[in-house]
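To start, the structure itself, in structure tokens.
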Amino acid sequence: MREKILSTGEVYHIFTKSIANFKIFKKEKDFLRIIDMMAFYQRKNKVSFAIFEKNKSKVLEENNNKNNDKIVKIIAYCIMPTHIHLILTQLEEKGISVFMSNLLNSYTRYFNLKHNRKGPLWESRFKRIHIDNNEILLHLTRYIHLNPVTAYLVDNPIDWEYSSYREYLSCISLQDCICQFKDIIEIEPESYKKFVEDRISYQRELAKIKHLIIE
Numbered sequence: 075m076r077e078k079i080l081s082t083g084e085v086y087h088i089f090t091k092s093i094a095n096f097k098i099f100k101k102e103k104d105f106l107r108i109i110d111m112m113a114f115y116q117r118k119n120k121v122s123f124a125i126f127e128k129n130k131s132k133v134l135e136e137n138n139n140k141n142n143d144k145i146v147k148i149i150a151y152c153i154m155p156t157h158i159h160l161i162l163t164q165l166e167e168k169g170i171s172v173f174m175s176n177l178l179n180s181y182t183r184y185f186n187l188k189h190n191r192k193g194p195l196w197e198s199r200f201k202r203i204h205i206d207n208n209e210i211l212l213h214l215t216r217y218i219h220l221n222p223v224t225a226y227l228v229d230n231p232i233d234w235e236y237s238s239y240r241e242y243l244s245c246i247s248l249q250d251c252i253c254q255f256k257d258i259i260e261i262e263p264e265s266y267k268k269f270v271e272d273r274i275s276y277q278r279e280l281a282k283i284k285h286l287i288i289e
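Pasting the structure below:
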């Protein structure tokens with residue numbers, strides 16, 4: 075069966091996980107590494123990732139002055155120990171596929187070298203769902219930002235440093251932001267905080283019975 079082509083200008087929920095739910099993000103350095111890779115690979119780069127790492131502040135400052143070299147726009151993300159949630163807008167043909175290929179292959183090389191292992195790290199191809207409604211998009215950002223709370227990794231989503239939740243609350247410096255969402259998600263930080271955190275108990279309870287739900 076032929077795979078559906080991802081459409082330029084459209085928004086997608088992207089999900090990918092490790093083989094056999096293997097923990098591939100173990101330490102802070104691992105989480106920060108994949109986030110840096112996301113910031114790097116969302117653009118057409120004239121420098122290598124190694125150079126980007128050494129001159130991150132300078133490269134990011136230069137990149138903030140130009141948006142026409144992006145292949146995807148990151149709307150939201152959450153990095154979990156075994157999987158990744160992303161909400162992306164494709165900005166050019168095959169942009170999401172190129173971005174995901176570069177991102178996952180680069181992290182695999184890093185992880186395998188670090189742990190002296192060989193072979194794949196990710197389970198098959200990434201999954202994607204087309205999002206064609208801004209209200210659904212808003213609810214989806216809440217769902218992925220609550221993932222660490224649902225998994226009882228933290229009690230409040232703001233305590234999980236490896237998602238875009240702090241960007242949505244304007245709690246980090248502009249230079250550290252990698253997402254662009256304000257043009258399609260029009261909600262004030264305090265309102266968004268309430269919107270998300272009012273749902274914590276419900277989402278945790280729903281997770282307990284998820285295996286009983288027929289979809």
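In my numbering, the protein residues as written are 75 to 289.
Glycine included, C-beta positions come from ideal geometry on N, C-alpha and C.
Among the options, whose alpha-carbon lies nearest the alpha-carbon of residue i?
i	options	result
K147	I218, L178, F255, L187	F255
L178	T163, S238, E166, H159	H159
N186	A281, L165, D104, I261	D104
E209	I79, Y266, T182	Y266
N207	I93, E84, D143	E84
Note the first and the last residue of the continuous beta strand (DSSP E) segment covering residue i.
i	result
A150	146 to 153
Y266	Careful: Y266 lies outside any beta strand (DSSP E), inside the alpha helix (DSSP H) at 263 to 271.
R202	201 to 205
I30	Look at the range of the chain in this structure, 75 to 289, and you will see that residue 30 is not part of it.
Determine the direct distance from the alpha carbon of residue j to that of residue i, and round the result to whole angstroms.
i	j	result
F96	I205	28 angstroms
E289	S171	For E289, the predicted structure reports a pLDDT of 40, less than 50, and the residue's modelled location is therefore unreliable. A value from the coordinates is still provided. Going by the C-alpha atoms only, they are around 27 angstroms apart.
Y86	E279	26 angstroms
S122	Y276	44 angstroms
I252	N190	30 angstroms
K168	M174	10 angstroms
I287	A281	Because I287 sits at a pLDDT of 46, beneath the cut-off of 50, its placement in the model cannot be relied upon, and the point is left open.
N230	E241	15 angstroms
Q164	I149	11 angstroms
L212	I259	7 angstroms
M75	Y217	Any reading at M75 must be qualified, since the residue scores a pLDDT of 37, below 50, and its modelled position is unreliable; the value itself is stated next. Their backbone Cα atoms lie some 30 angstroms apart in a straight line.
S81	E166	8 angstroms
V223	M154	11 angstroms
W234	V228	7 angstroms
M111	Y184	11 angstroms
R202	L214	13 angstroms
N176	I108	11 angstroms
S180	G193	13 angstroms
I161	L106	18 angstroms
S238	K101	18 angstroms
I145	C152	20 angstroms
K268	I261	11 angstroms
D272	Y236	21 angstroms
P263	K91	30 angstroms
D250	N129	14 angstroms
T156	Y226	14 angstroms
Could you tell me the boundaries of the alpha helix (DSSP H) in which residue i lies?
i	result
Q164	Counting along the chain, Q164 falls outside any alpha helix (DSSP H), though it belongs to the beta strand (DSSP E) covering 157 to 164.
D104	102 to 115
G169	169 to 189
K282	274 to 282
I98	Run containing I98: none; DSSP gives neither H nor E here.
T215	208 to 219
A124	123 to 128
Y242	239 to 242
With 8 angstroms set as the bound, which would you pick, yes or no: does the beta-carbon of residue i sit closer than that to a beta-carbon of chain B?
i	result
S244	Structure shown: chain B not included; a single protein chain is present.
Touching by the beta-carbon criterion (3+ pairs, under 8 angstroms), the segment 190 to 198 and the segment 111 to 118:
Result no; under three Cβ-Cβ pairs closer than 8 angstroms.
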